[in-house]
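Down below is the structure, laid out as structure tokens.
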Amino acid sequence: MIIPSDGAWVVAAPFRSHVHHLMDAADVPWQVVAVAADVPPRAIRTLLFGRRGRARPKLQRLIAGRLFDLRAGELRALRREVVSAAPVAADLRLLRQAGLTWERLSEAVALDPFTCRRLANGQLGHCQAMTALLARAAREEWTMASGRDSRSAGKGFDPKNTERVTAMTRRPAEERQAA
Numbered sequence: 222m223i224i225p226s227d228g229a230w231v232v233a234a235p236f237r238s239h240v241h242h243l244m245d246a247a248d249v250p251w252q253v254v255a256v257a258a259d260v261p262p263r264a265i266r267t268l269l270f271g272r273r274g275r276a277r278p279k280l281q282r283l284i285a286g287r288l289f290d291l292r293a294g295e296l297r298a299l300r301r302e303v304v305s306a307a308p309v310a311a312d313l314r315l316l317r318q319a320g321l322t323w324e325r326l327s328e329a330v331a332l333d334p335f336t337c338r339r340l341a342n343g344q345l346g347h348c349q350a351m352t353a354l355l356a357r358a359a360r361e362e363w364t365m366a367s368g369r370d371s372r373s374a375g376k377g378f379d380p381k382n383t384e385r386v387t388a389m390t391r392r393p394a395e396e397r398q399a400a
């Protein structure tokens, strides 16, 4: 698909389908697609679920291009790639300080609670890139739910937002049925 270079907007429907394909083929929640494509999670949420019950008819060309460049194989490969655990530990500590229990936090990053705790405490030097993406997506979801931008994350907390962070681990098909 060629993304037209004229104008700032493109038709959203093909990119909505592409995001659904990425979610299904790589078995990841939409938040991971947003983080992996380096696009605002709010834009992907609106693309998939609409606004006030109405589907989004158009999408910013820059976001469309970033989504189009992302492939399901790249997302699947993140389960095999190993990365430094330091940024993941920082995200996990932030979410713990925000009030998430170890059980909910471990669900959000698809780890058992013991491993999640060791990772957050800096006892593990490396982890899967997918774990890093899940942790970043959880942080972004908490940031979005709390009405903060990611630069101010960790400065205050609203406990009712913990539900949204762990809800992101639902499988993609379940999310579409709930919407």
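Residue numbers (my numbering): 222 to 400. For glycine and all other residues, C-beta sits at the position ideal for the given N, C-alpha and C.
The Cβ-Cβ distance between HIS239 and LEU288 falls below 9 Å. Assigned with DSSP and collapsed to three states, GLN281 falls in strand. The beta carbon of VAL304 sits closer than 8 Å to the beta carbons of HIS347, CYS348, GLN349, ALA350 and ALA353 from its chain, once the five residues preceding and following it are set aside; these are given in chain order. ARG301 and ALA285 have their C-alpha atoms some 27 Å from each other.
DSSP, reduced to helix, strand and coil, places ARG301 outside both helices and strands of the structure shown, so it counts as coil. When the beta-carbon positions are compared, VAL309 and ALA356 come within less than 9 Å of each other. Secondary-structure assignment with DSSP links CYS348 through a beta bridge to VAL304. Residue burial is scored here from C-beta neighbours: ASP290 has fewer than 16 other C-beta atoms within 10 angstroms and is therefore classed as exposed. When the five nearest sequence neighbours on each side are left out, the beta carbons in the same chain lying within less than 7 Å of the beta carbon of THR267 are those of ARG277, in order along the chain. In this structure, DSSP gives VAL231 an extended state, which the three-state scheme calls strand.
Ranking THR336, PHE270, ARG292 and ARG272 by CA distance to the CA of VAL249 puts ARG292 first.
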